[in-house]
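Written out below as structure tokens is the structure these notes cover.
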Amino acid sequence: MNECVCAITGHRPSRFKFKYSEDYALCKKIKASMLEVFRKLHDEKEVRRFYVGGALGVDMWAAEQILRLKEQPGYEDIELVVALPFVGHDAKWDQRSKRRMEFILQHCSKKEVIGNEDCRESYIKRNCYMVDQANYLVAVYDDARNLRSGTMQCVWYARKKQVPVILIHPDTSMVTYNS
1 MNECVCAITG
11 HRPSRFKFKY
21 SEDYALCKKI
31 KASMLEVFRK
41 LHDEKEVRRF
51 YVGGALGVDM
61 WAAEQILRLK
71 EQPGYEDIEL
81 VVALPFVGHD
91 AKWDQRSKRR
101 MEFILQHCSK
111 KEVIGNEDCR
121 ESYIKRNCYM
131 VDQANYLVAV
141 YDDARNLRSG
151 TMQCVWYARK
161 KQVPVILIHP
171 DTSMVTYNS
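Okay, so the sequence shown: first residue is 1 according to the working numbering, each after it adds one.
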């Protein structure tokens with residue numbers, strides 16, 4: 001059986017209405033929607049490996065939700081792969097965020113460093129790499145707004161490669177399958 005893989009993309013906290021306030025109701029709803037999508041992909045589509053990009057915001061939240069899911073009975077076979085854009089990508093982060101990422105990296109199945117330097121291309125290369133591995137892309141992204149961002153480029157790349165995209169709306173947490 002070919003292993004089913006899901007990549008996850010989404011915005012940094014600064015792009016959300018609630019910014020870094022993760023106790024905000026909408027942030028909690030987005031995390032709950034992500035968890036439900038991951039559970040459904042595991043149960044219905046046999047997705048066992050999930051790729052996250054190692055950034056603040058959606059990447060970190062998704063990694064934490066996947067690690068939580070992996071602790072539940074029946075989900076122990078989940079693998080979390082963290083694809084980092086380059087070594088030291090988190091150098092300017094606050095200490096709390098660095099500790100959270102350290103925890104994720106200690107508990108993930110695999111860590112991969114995709115780029116060699118601190119530049120925009122390393123982030124693009126990382127996103128393309130994740131989509132190239134994936135059977136599905138989960139994106140916390142508003143298709144209607146067309147915000148120019150790495151998330152937008154990742155969604156467009158997935159569509160070009162005919163990878164089904166599951167959208168979680170950043171303002172409502174509503175899920176749209178295979179857009």
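Every residue, glycine too, gets a C-beta built ideally from N, C-alpha and C.
Treat the numbers as computed from the prediction; the structure is a model and nothing was measured.
Problem set entry | Buried versus exposed, by CB contacts within 10 Å (16 or more), R49 | Translated into the one-based positions of the sequence shown, residue 49 becomes position 49. Buried.
Exercise. Skipping 5 residues on each side, what residues in its chain have a beta carbon closer than 8 Å to that of R100?
Worked result: To locate residue 100, count along the sequence shown from 1; it is residue 100. Excluding sequence neighbours, R100 sits near M60 and E64.
Problem set entry | Continuous alpha helix (DSSP H) assignments of at least 4 residues falling wholly in the stretch 43 to 90 | 58 to 70
Exercise. Taking the alpha helix (DSSP H) that V155 falls in, what are its first and last residues?
Worked result: Translated into positions along the sequence shown, residue 155 becomes position 155. Residues G150 to K160.
Exercise. What's the gap between the Cα of M1 and the Cα of E46?
Worked result: The residue given as residue 1 occupies position 1 in the sequence shown. The residue given as residue 46 occupies position 46 in the sequence shown. Residue placement at M1 is flagged as unreliable, the pLDDT there being 44, under the threshold of 50; the coordinate-derived value follows with that caveat. Going by the C-alpha atoms only, they are around 10 Å apart.
For this session: Give me the Cβ distance between A139 and L167, rounded to the nearest whole Å; I'm assuming they're in contact under 8 Å.
Result: Here the question's residue 139 lines up with position 139 in the sequence shown. Here the question's residue 167 lines up with position 167 in the sequence shown. So it is a contact: roughly 6 Å between Cβ atoms.
Exercise. Skipping 5 residues on each side, what residues in its chain have a beta carbon closer than 6 Å to that of E112?
Worked result: Locating residue 112 in the sequence shown gives position 112, where the first residue counts as 1. Closer than 6 Å at Cβ, skipping near neighbours: A83.
Exercise. I137 and V175: beta carbons closer than 7 Å?
Worked result: For the purposes of this step, residue 137 is identified with residue 137 of the sequence shown, where counting begins at 1. For the purposes of this step, residue 175 is identified with residue 175 of the sequence shown, where counting begins at 1. Residue identity check: residue 137 is Leu in the sequence provided, not Ile. Result no, Cβ atoms of L137 and V175 do not sit closer than 7 Å.
For this session: Could you confirm whether any beta carbon from chain C is found closer than 7 Å to the beta carbon of R159?
Result: Absent here is chain C; the protein component of the structure consists of one chain.
Exercise. Would DSSP call E102 helix, strand or coil?
Worked result: Sequence index remark: in the sequence shown, residue 102 carries index 102 (1-based). DSSP places E102 in helix when its eight states are reduced to three.
Exercise. How long is the line joining the alpha carbons of V5 and A55, rounded to whole angstroms?
Worked result: Here the question's residue 5 lines up with position 5 in the sequence shown. Here the question's residue 55 lines up with position 55 in the sequence shown. For V5 and A55, the distance between alpha carbons rounds to 19 Å.
Problem set entry | Q133 beta carbon near the ligand FMN (any heavy atom closer than 6 Å) | Of the ligands one can find in the structure shown there are none, so the ligand FMN has no counterpart to examine.
For this session: Could you name the residues that DSSP lists as bridge partners for G10?
Result: Here the question's residue 10 lines up with position 10 in the sequence shown. According to DSSP, which records beta bridges pairwise, G10 is partnered with V140.
Problem set entry | Residues sharing a beta bridge with K111, DSSP | Along the sequence shown, one-based indexing puts residue 111 at 111. K111 is bridged to V82.
For this session: Can you give me the Cβ contacts of D77 inside the same chain, cut-off strictly under 8 Å, excluding the 5 residues immediately before and after it?
Result: Taking the sequence shown and counting its residues from 1, one reaches residue 77 at position 77. Cβ neighbours of D77 beyond the five flanking positions: R48.
Exercise. Taking DSSP as the reference, what is the three-state secondary structure of C248?
Worked result: Since the first residue of the chain shown is 1 and the last is 179, residue 248 is not available in this structure.
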